[in-house]
Amino acid sequence: MVRATWDEALSLAAARLQGIKKEFGPRSLGVLTSAKGTNEENYLLMKLARAALGTNNVDHVARLCHAPTVAALGSALGSGAMTGSISSLANSDAILIVGSNTTEQHPLAASYILHARSRGAKLIVADPRRTRLAELADIWLSPRPGTDVVWINALLNVIVERDLLDRQFIEKRTTGFEETAEAARAYTPGQAEQISGIAALDLARAAGFFGAADRAAIVYAMGVTQHAQGTDIVQALANLALATGNMGREGTGIYPLRGHQNVQGACDMGALPTVYCGYQSLSIPAVRAKFEDAWNASLPEEPGLTALEMLWAAETGRLKSLIIVGENPALSYPDSSRVLKALKGLEFLLACDIFPTETTALADIVLPAACFAEKEGTFTSTERRVQRIRKAVEPPGEAKAEWEWISELMRRLGHQADYPSPASIMAEIASLTPSYGGIGYDRLDAEGLQWPCPSIDHPGTSILHTDRFSQGRASLRPVFFIHPPEIADADYPFILNTGRSLYHFHTGTMTRRTSLLDREVPRPFVEINSEDARLMGIREGMRVRVETRRGSIDAEARLMDALPRGNLFLPIHFSEAPANALTAQAIDPLSKIAELKISAARLHKVIS
Amino acid sequence: MSEYAPMQAEIADIDIESPNTYLITLKLLEESTDFRYLPGQFVMISVFGLGECPISIASSPTRRSLQLCIRRAGKVTNAIMDCLVGDVVGIRGPYGNGFPLHRMMRDVVIAGGGSGFATLRSLINYISDRREMFGKVAIAYGARTSQDLYFMQEYKSWQRAGMEVAVTVDIGDELWKGNVGLVTGLIDRFDLNPGSAAICGPPVMINAVARKLMERGFHLSDIYVSMERHMKCGVGKCEHCAIGPYHTCQDGPVFSYDQVREVL
Amino acid sequence: MKAFLERDRLIPFLDALSRQIEVIAPLATEAGAVYSTWQGQSLDLGSNPLFPPTEFLLPHKETLFRYIQESGRYTFKEDSIPPRMLFAIRPCDLHAIALLDRIFGSEPSDQAYFRRRRATSLVVLNCTNRGDECFCACLGAGPEAQDPCDLQLTDIGDGYLCQAETPAGILILQAASDLLQPALLEHDQKKARLVQLVRDAMPRDRSCHQIRQAIEIADWEALGQECLGCGGCSFVCPVCHCFNILDLGVPDGERLRCRDSCILSGFSRLTGGANPRRTAGQRLKHWYLDKFEDLPKIIGLPGCVGCGRCHLVCPAPIDRSDLRVLGNGKLENREAKI
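Chains as they are written, first to last, in this note's numbering: chain A, 63 to 670; chain B, 50 to 313; chain C, 2 to 339.
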C-alpha cells in the first residue's frame, strides 16, 4: 500500500472504472453500499452506480439479513417494513418471537416486550436455543433447525380448527386465505411434532395464546430470514398475522428487527439491484423514465446481480470491479474461502472503511471514512423512523464523509453532482421518493419522522395498513416445507448454527477495539450441548475444532444446557475463527439470501 | 506524580521454573528507593503500552533479591515472559496486608496448589530465615504434573532448615518417583498439633485443605488464605476485587478462613 | 454571608462568573438537561440532568499520566487540571461528591481525583420541587444541601436566595455585589417553606434500613433474568466510581483510567476464566449490597443519594424505586410475597 492524496486516489479510481467499463461493459462493474452509512450516502452511491457507471449491480448486506422480509412482506403486504412502532409492542397481549435473541441483539426492543410481559402479555418464543428471552417466556418452542414452515403452518392449522380467525378482516382485506388454510390442513400438530420436534401440545397452546389474544404481534430476526426457505418462512408468519386480523392496530402486526443502524435506509434508498429509492421498480418504463429525467442520464434496463451473485460473477471473471463501502465481505459473507478468491480475482477493488479490515487488505484503493459521530446525515431505523445524526467531532486525519468523495467521484466520471450539504441530497431524495416526500432537515428534530411521510405537512406514520394496504388487499400464500440443503449425517453429525453475542457488532471492527466490550467476550467460542460434550470428553474452555465441508476453525468450548443435543453455535465476530468459513452458499431462490443457520458439522478436540 | 505512575525496575535475572513459568529477579532503577515488604504482599507489574497485572512477591524480605514468579496467562504476563535480562518493567506497591506473622509463631502448615505456591515461597523463605520464631513447619504442595512443580531446587534447603516438605502431583509419569494424589493426602501424613496455616491455590483445594485441618483441630480463624481476585488499581478504589465490605488488595489478599468461607 | 439575586439578574451573574472560570451548568437541549460548558446557551433549571455532574470529577476517560520511552527507560508527564465551577448542581449530587471524597480519600488517597476536586468549585441549586423518582430525604441527601459547598442558591419565586458557605463563596458574592441585594428574613422563611413542601412530598418507605430488608427478600435470580447487562444504572449513578486502567500507545502513550461497571460480566472475571459473580442476579445483588451494606461499613454512610437515575435509565422493567417489586422478581409473585 502506498500513501496517496484524495486527488490521486479519486483520479485513479475514475480512470480504472472508466477503463473497465469501456473494455468489458458496465455489467462488469458492481457496488456494495454500507448499511451503516447514511441515507444520503446510500442514495448517492446507488446513483453513481446507475447514472455514472451504467450498472444495476448494486446491493448491500440486507441481502444476508432481511432480503426475505423485503421479498415476502413486500408481496404480502405491499411493504417490507415493520408494520408498527417498536413502542407499540408494549401494548400487545401476546407476542410470538421467532428466531430472535432479542434481549441480546435488540435489547431496547426487548425492553418493550418485557414491559408487555410485566403487564400480563403472553410470550411465545421459538428458537432452537433456550435464550434469555425463552427463559422468560410462557412457552418455549424448540424446533429442529430448518423446520419452521412446518410448525408455523401447524399454528395456522390449529387456529383454523378452533376458529380463532378474524373472518371479517380476512373477507374485507385479504386474498388467498382459502388456499392457504387448505394447504395448512396437512400440517397437523402431530405431523409438526414428528418433523420439527416440538410437542403437539405446546403447539396447540401457543396457537391458543396467539389466536385468542386481542392484540397479537410477531417479532422476528435472523433465525427466520437466514435460511434457504427464508422468504417462505416470513410469508408463513404473515399468513398467521393476517388470518387473525392482527394488523393495522396498536399492539399488533409484524416486526422484522433490522440490525444495522441504516439497513432499513439502505433498502429505502434503493441500494438494491431491482429497484430505485422507495422500492420503485426499474423494470417499469415509466419509473425508469422518471429517474432518467431527474438524473439527466440514460439508465440501464436489466436488473442487476445480488451481492452473492456479484461474488460468483467475480469468481468466474465476469465481474471485473467492485466498490465496497463500510462492509467486510471477506469475513461476513458465507463460504469465505470462495469469497476471498473472488475478491482477489477482481481487476479493480475500491474499499472504504473506518478501520483496516480483511476486505481493505485486498483492495487496490482504500479510502478512509468518517463514522456516525463525524458527519451529518440521516439514518432510518427499523421502525421506519428517519432521524438525523449530527457531527460531534471532526473525522481523524484525512478521513472524509462518504457523501463528499462519492460526489467528487461522480463528477470525475462526468456526471453532475453539486451538493452543498447532506440536507440538499435529502431534498433530492424527497423529490423522487413518495414515502419520503415530506422529509426534510428542517422537520427532523430529536424524534425524527416515520415514513410514509408523503408531504411536508404530513406528521409521519406510526402504524401501517390501518385502513388499507397500498396494494389494496394483503395476500396470504400457501407455503410448503422443503428440506434444508444440508442435514446431519454420519460424517458430519452436528448441525451448526451461527449468530451473535450481545457485546460484539458483526466482524468486531469497532467492538474488538473497545476495551470493555472486548473484555466481555475476548475470544472465539463454540457452544456445545453439555451432554454431547461430556460424551466426547470435552471440558469447558478446551480448544476444539469445528469442521464442515467448507472448512474448519478452532475455538474454545462453551458447554451449554440451553443448546439442544446435536447442535453447535458459533458467533460471527472473530476473524481468527471465522464462522463463515464453514457456512454454505445454498440460497433462497426468491430473495437470494444464503442458508447461514444450518451446516452439517463435526467436532473434535485439538491436542496442543 | 500520580500514585498510579510506577517505579521502574530492570530484569536482573530469569530462572525457568517450568515451561510456562519464570522466576524473575528485579532491580529497582532508583536504588535509593526503600522497598520494604512482607510475605504475602503483591505488586502491580506494568508493561507500558499493554497494561498492568497483580503478581505476588515470591521472595522473602529477609533476603536481598526482589523476585516475582510469572506464569503465562494474559497479555501482560505473556509480554513479560518474552522480556530479556536488562528490559525494564514498571512496578507499583507493595500492596496488600501480607501474612499475620505475629499470629503464626507456633506450628505452621503451609499448603499450596498449582501456581498458588509461588505466593507461599515468600513465607517459606521468611520462616526459613527466622526459623527459631516458629514451631514445627510442614509444607504440602501439589501440581498437575511433575513438569509443573516450582522451586524444586529449594526443597532440600527447606528440609535442612528443619521444615517437613511433602510434594504430590495429579498425574504421574515414568520419571516421577514421588506421590501421586491430592494435597489433602499429604496433610493426612503430617504429625500435627493444631496451630496456624497458610493456604494458596484453587478454591476447591482451599476448602478441602481447610476442612482437613479443622478436622485435625485447627481453628478456622487461624487458617489464612491468600485470595485471588481480578485487580486493577491495587489500592482499594476501582472495586474490581471487592469481596463484601473488603477489598482484596488492601484488607487482603490474606484473609482468615472464616472471613472468606462464604465466597470460596 | 447571604444575599438575594433577582430572577432577571441570574444570567448577568452567570456571565460574570464565566469570565473568571469555566462554568459547567445544566443546559437545555433537545435531549433534556445536560451539564456542559456554559457559553450563553439556555439553561434548564427545572430538572436534574440524567448524566450527573460527578462526570467532571470522574470522567469516563482520563489520562492518569503519559509515558515517554527513551533507551529503554521511561519518563512520566501529567496534564494540568484547569479550574472549573459546577453550577446549579443538586443537593443529591453534592452529597454524592461528599461520598466520593470519603471513598477516594481513604488511604492511600486518590490524587487524580483530588487534583480535579480541588480545582472545582461547587454551586448548589436547592430543590423546590420533587422529581418523580426522587427520595433524597430518606438518605440524608436533600432536598437542600446537606454537605459543604461554596455557594447555595434557592429559587424562592422572584429570585434566588444565595448563601455563601466558604471563603470562595463569599468572594463570589462580593465580586457580584452590584447584581445582588441584601437578603431579608422573609427570603429565609420562603426558602424554609418551599424546602419543607418538598420534604413532605418524599416517600416514607425508602430508608437505608428498609432497602436492606428488601434486598434480603428479593428474588435476585429472577431480577437478573430481566437485566439486559447494559450497565446503564452504574453509568448514571453519581456515586458509582468503578474504573479500569489501560494503556494506549507503544512505545510512548498514555495510561488511561476509564469508567467501568460491576454489572458487566467481565468485571470480576479472573484471567483463567473463573468468575466470583457469574450470574446477572449475583451482579445486580452485589451492586445493591455494595451501596447499602458494604459502603456503610467502610465510610459510615450508604452509597446512594436517592436521585432515582438508575430507575429512569433502566430499559428493562426492573423497578428499582418500588421496594415492593424489589422484593418480587415476577409479576405473579407480587401478591404472594408481601
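Beta carbons: idealized from backbone N, C-alpha and C, even for Gly. Fair warning: this is a prediction, and the values are worked out from it, not measured in the lab.
Asked                                                                                                                        : Found
Residues, ordered as in the chain, of the region 107-121 of chain C that lie near chain B by beta-carbon distance below 9 Å  : S107, E108, P109, S110, D111, Q112, A113, Y114 and R116
Near-chain B residues of the region 287-307 of chain C (beta-carbon distance less than 9 Å), N- to C-terminal order          : H287, L290, D291, E294, D295, L296, P297, K298 and I299
Within chain C, partners of F97 of chain B - CB distance below 9 Å                                                           : Y68, Q70, Y75, D248, G250, V251, P252, D253, G254 and R256
The beta strand (DSSP E) enclosing Q256 of chain A, as first and last residue numbers                                        : Note, Q256 of chain A: premise wrong, no beta strand (DSSP E); alpha helix (DSSP H) at P251 to S258.
Cβ pair G570 of chain A, L632 of chain A closer than 9 Å                                                                     : no
Beta carbon proximity, E275 of chain C to chain B, threshold 9 Å                                                             : Before going further, note that residue 275 of chain C is Ala rather than Glu in the sequence given. Yes, its Cβ sits closer than 9 Å to a Cβ of chain B.
Stretch pair the region 118-125 of chain A + the region 145-154 of chain A: three plus CB contacts closer than 8 Å           : no
Euclidean distance between Cα positions of L139 of chain A and A305 of chain A                                               : 13 Å
Cβ of S154 of chain A within 9 Å of any chain C Cβ                                                                           : no
Short-range partners of chain F found in the region 486-509 of chain A, where Cβ spacing is below 8 Å                        : The question asks about chain F, but that chain is absent: this structure's protein chains are A, B and C.
Short Cβ contact (9 Å threshold) for C308 of chain C with R205 of chain C                                                    : no
Separation of N559 of chain A from L429 of chain A, as counted between CA atoms                                              : 34 Å
Cβ contact check for the region 144-156 of chain B and the region 226-244 of chain B: 3 or more pairs under 8 Å              : yes
Residue range of the unbroken alpha helix (DSSP H) whose run includes L107 of chain A                                        : N101 to K109
Short Cβ contact (9 Å threshold) for V92 of chain B with G73 of chain C                                                      : no
Continuous alpha helix (DSSP H) stretch holding P92 of chain C: start and end                                                : P92 to G106
Coil, strand or helix - K184 of chain A by DSSP                                                                              : strand
7 Å CB neighbourhood of L51 of chain C in its chain, flanking five on each side removed                                      : G33, V237, R310, L313 and V314
Cβ-based burial, Q197 of chain C [other Cβ within 10 Å; buried from 16]                                                      : exposed
For G163 of chain B and G221 of chain B, the rounded distance between their alpha carbons                                    : 15 Å
Beta-carbon neighbours of A142 of chain C, restricted to chain A and to distances below 9 Å                                  : What A142 of chain C touches in chain A: nothing, since even the nearest Cβ is about 28 Å away.
Contact set for N130 of chain C: own chain, Cβ-Cβ below 7 Å, skip 5 residues either direction                                : V199
Where P347 of chain A falls, given that 16 or more other Cβ within 10 Å makes a residue buried                               : exposed
Distance between beta carbons of L578 of chain A and D261 of chain C, contact taken as under 8 Å                             : 7 Å
Contacts of R270 of chain C in chain B (Cβ-Cβ under 9 Å)                                                                     : H279
Through-space distance from F105 of chain C to R270 of chain C, alpha-carbon basis                                           : 24 Å
Where C259 of chain C meets chain A, residues with beta-carbon distance less than 9 Å                                        : S577 and L578
Nearest to A17 of chain C (by Cα), restricted to the options C:C241, C:G41 and C:Y289                                        : C:G41
Contact with chain C by Y27 of chain B, beta-carbon distance below 9 Å                                                       : Since the first residue of chain B shown is 50 and the last is 313, residue 27 of chain B is not available in this structure.
Separation of D248 of chain C from R256 of chain C, as counted between CA atoms                                              : 4 Å
Local conformation of P169 of chain A per DSSP, three classes                                                                : helix
Nearest-angstrom Cα separation, counted from G141 of chain C out to R10 of chain C                                           : 32 Å
Between the CA atoms of G283 of chain B and Y144 of chain B - distance to the nearest angstrom                               : 6 Å
Sequence-distant residues of the same chain with beta carbon closer than 6 Å to G92 of chain A, five excluded per side       : N119, M372, L381 and L384
Nonlocal neighbours in the same chain, by C-beta distance under 8 Å from V208 of chain B, ignoring five residues either side : Per the sequence shown, the amino acid found at residue 208 of chain B is Gln instead of Val. Closer than 8 Å at Cβ, skipping near neighbours: V214.
7 Å Cβ cut-off: residues of chain C touching G123 of chain B                                                                 : T272
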